[in-house]
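K.L.:
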């Protein structure tokens, strides 16, 4: 019976540890963010996100389990009292988050050495290659702009990009070491959650060309202030090569400010009197048409993509493609062939309904665009959303505004986030939305059940934003 009890305790501890370690990984191995989520009980329950067993994670698991086992058996070796043994097990269980933090700091010197080795190896490889290097950063639209630019440059060059949204130092390093071969161009997406992150990436890649996309309050929870975000994004133009060129998406005030501040060779897009912008934009459920005004010439463009943000990103990508010698004809052809990036205003249709998958969007600007796209469709409109997160002190106001924006377009609303539900609800009601048409779903199963009761032939469902398991 004793062995059965021990096995049960071990299984429970393993499950609890798995949830905590998955949260730690989803939080980017940042201890402060992890502890905040533990204290707020925003843990990675559910199976929406899996624990990824990278080499780092395998090392971490081994150390963490050895540490937990050592603490348990060390006490049990010297203590015979059964109650003290139970107390020891309970303490280890309750203080498992602190064991994770302890394991993090114990392994940190080793992880830094490993990281330093791979980064040095990637830097050395890049230094040997005579290729065009491009860095892209901003709050929104980095991945889309990267993909659009790659499609245009592939008309003339062999292009390598950082895959998906691999935009951290190790993500870019991995792309250099594993993907970069006999290419002509390397495009690195550069993400950041803290000051100095972009500078680190820029010093790794040493780009000659850079793009600043739209800048807003993304990740303000970790940055603290909008001023910190602005300073961090400015680390790319500050570290561009002396003979380099920067392209700025002037659609956002901060990006425009950085354009004005930069003293090197620069181009402005999506702004009054800009080098490039879109005019006469027309959108319907089949796609978009617009005039691409590029270097004083007006080019007729069409694309399957929807949303002004997508068009702005196309214009910005077209500018750098033009600078790098891609012909107007090839740029227009590339625009026509563009496919929506997965989960970013991706239109999925069947014989019964239309789904707008915007689940990778997590900002108010993109949400507004998604709702504008939704308004172009006919039929019953259903919006499924958990709202916006990582907004710091702005989160309540942002979700209240989002609730109002949704109410102006949707016929039904399904709210998936416990934290944001009151703000979204209040915002929708403030726009005279029928309270009886607002539903709450704490799980995907419940969401599916609600959708089955609401959907009808010809309806349109917008999935706006998606969250990892540690947001409820």
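Residue numbers (my numbering): 1186 to 1657. Just so it is clear, CB atoms sit at the ideal spot from N, CA and C, and this is done for glycine as well.
I'd like the span of the alpha helix (DSSP H) that includes residue 1484, first residue to last.
P.N.:
Position 299 of the chain shown, counted from the first residue, corresponds to residue 1484. Not the alpha helix (DSSP H): residue 1484 falls in the beta strand (DSSP E), residues 1482 to 1488.
K.L.:
For residue 1379, which residues of its own chain have a beta-carbon under 8 Å away from its beta-carbon, when the five flanking residues on both sides are left out?
P.N.:
Here residue 1379 refers to the residue found at position 194 of the chain shown. So the list reads 1407, 1408, 1417, once near-sequence residues are dropped.
K.L.:
Measure the Cβ-Cβ separation of residue 1559 and residue 1590 and say whether it is below 8 Å.
P.N.:
To locate residue 1559, count along the chain shown from 1; it is residue 374. To locate residue 1590, count along the chain shown from 1; it is residue 405. No; because the gap between Cβ atoms is not below 8 Å, this pair is not in contact.
K.L.:
Report yes if the CB atom of residue 1421 is closer than 8 Å to the CB atom of residue 1320, and no otherwise.
P.N.:
Locating residue 1421 in the chain shown gives position 236, counting from the first residue. Locating residue 1320 in the chain shown gives position 135, counting from the first residue. Their beta carbons are under 8 Å apart, which means residue 1421 touches residue 1320 by this criterion.
K.L.:
What does DSSP give as the partner residue(s) for residue 1567 in the beta ladder?
P.N.:
The residue you call residue 1567 lines up with position 382 of the chain shown. According to DSSP, residue 1567 bridges with 1597, 1646.
K.L.:
Thinking residue 1645 and residue 1508 are a contact (beta carbons under 8 Å), I'd like their distance in whole angstroms, please.
P.N.:
As a working mapping, residue 1645 is identified with position 460 in the chain shown. As a working mapping, residue 1508 is identified with position 323 in the chain shown. Wrong, their Cβ atoms sit about 39 Å apart, outside the cutoff.
K.L.:
Leaving aside the five residues before and after residue 1516 along the sequence, list all residues of the same chain whose C-beta is less than 6 Å from its C-beta, in chain order.
P.N.:
What you label residue 1516 is simply residue 331 of the chain shown in a count that begins at 1. 1337, 1503, 1506, listed in sequence order.
K.L.:
Where do the ends of the beta strand (DSSP E) carrying residue 1534 lie?
P.N.:
If you number the chain shown from 1, residue 1534 lands on position 349. From DSSP, the beta strand (DSSP E) with residue 1534 extends over 1531 to 1534.
K.L.:
Considering Cα atoms alone, identify which of 1278, 1327, 1625 is closest to residue 1196.
P.N.:
The residue labelled residue 1196 in the question sits at position 11 within the chain shown. Nearest option by C-alpha distance: 1278.
K.L.:
With distance defined between alpha-carbon atoms, name the residue in 1615, 1639, 1616, 1617 nearest to residue 1624.
P.N.:
Along the chain shown, read from residue 1 onward, the residue named residue 1624 stands at position 439. Answer by Cα proximity: 1639.
K.L.:
Taking the alpha carbon of residue 1649 as the point to measure from, which residue in 1571, 1495, 1585, 1641 has its own alpha carbon closest?
P.N.:
What you label residue 1649 is simply residue 464 of the chain shown in a count that begins at 1. Measuring from the Cα of residue 1649, the nearest candidate turns out to be 1571.
K.L.:
Can you tell me which of the three DSSP states residue 1466 falls into?
P.N.:
Counted from its first residue, the chain shown places residue 1466 at position 281. Of the three classes helix, strand and coil, the one that applies to residue 1466 here is strand, per DSSP.
K.L.:
With a threshold of 8 Å, are at least 3 pairs of Cβ atoms found where one atom belongs to the region 1456 to 1471 and the other to the region 1519 to 1529?
P.N.:
No: fewer than three Cβ pairs fall under 8 Å.
K.L.:
According to DSSP, simplified to helix, strand and coil, what is residue 1509?
P.N.:
One-based indexing of the chain shown puts residue 1509 at position 324. Three-state result, residue 1509: coil.
K.L.:
Using a C-beta cutoff of 8 Å, does residue 1519 count as contacting chain D?
P.N.:
Absence of chain D from the displayed structure is noted, only one protein chain being present.
K.L.:
In chain order, what residues of the same chain have a beta carbon less than 6 Å from the beta carbon of residue 1467, not counting five sequence neighbours either side?
P.N.:
Reading the chain shown from its first residue, position 282 is the one you call residue 1467. These residues qualify, in order along the chain: 1474.
K.L.:
In whole angstroms, give me the CA-to-CA distance for residue 1391 and residue 1342.
P.N.:
As a position in the chain shown, residue 1391 is number 206, starting the count at 1. As a position in the chain shown, residue 1342 is number 157, starting the count at 1. Approximately 19 Å, taken between the alpha carbons.
K.L.:
Extract the residue ranges of the beta strand (DSSP E) inside the region 1370 to 1435, only unbroken runs of 3 or more that lie entirely within it.
P.N.:
Listed in chain order, they are 1370 to 1374, 1394 to 1397, 1430 to 1434.
K.L.:
Could you give the DSSP three-state label for residue 1300: helix, strand or coil?
P.N.:
Translated into the one-based positions of the chain shown, residue 1300 becomes position 115. Helix.
K.L.:
Residue range of the beta strand (DSSP E) that residue 1344 falls in?
P.N.:
Here the question's residue 1344 lines up with position 159 in the chain shown. From DSSP, the beta strand (DSSP E) with residue 1344 extends over 1344 to 1346.
K.L.:
Here's a check: name, in chain order, each residue in its chain whose Cβ is nearer than 6 Å to the Cβ of residue 1484, leaving out the five neighbours to either side.
P.N.:
Indexing the chain shown from 1 puts residue 1484 at position 299. Excluding residues within five positions, the ones whose Cβ falls inside 6 Å are 1477, 1513, 1517.
K.L.:
Report the partner residues of residue 1473 according to the DSSP bridge assignment.
P.N.:
By 1-based counting over the chain shown, the position of residue 1473 is 288. BP columns for residue 1473 point to 1468, 1488.
K.L.:
Measure the C-alpha to C-alpha separation of residue 1647 and residue 1491 and round it to an integer number of angstroms.
P.N.:
Here residue 1647 is taken as the residue at index 462 of the chain shown, counted from 1. Here residue 1491 is taken as the residue at index 306 of the chain shown, counted from 1. C-alpha separation (whole angstroms): 13 Å.
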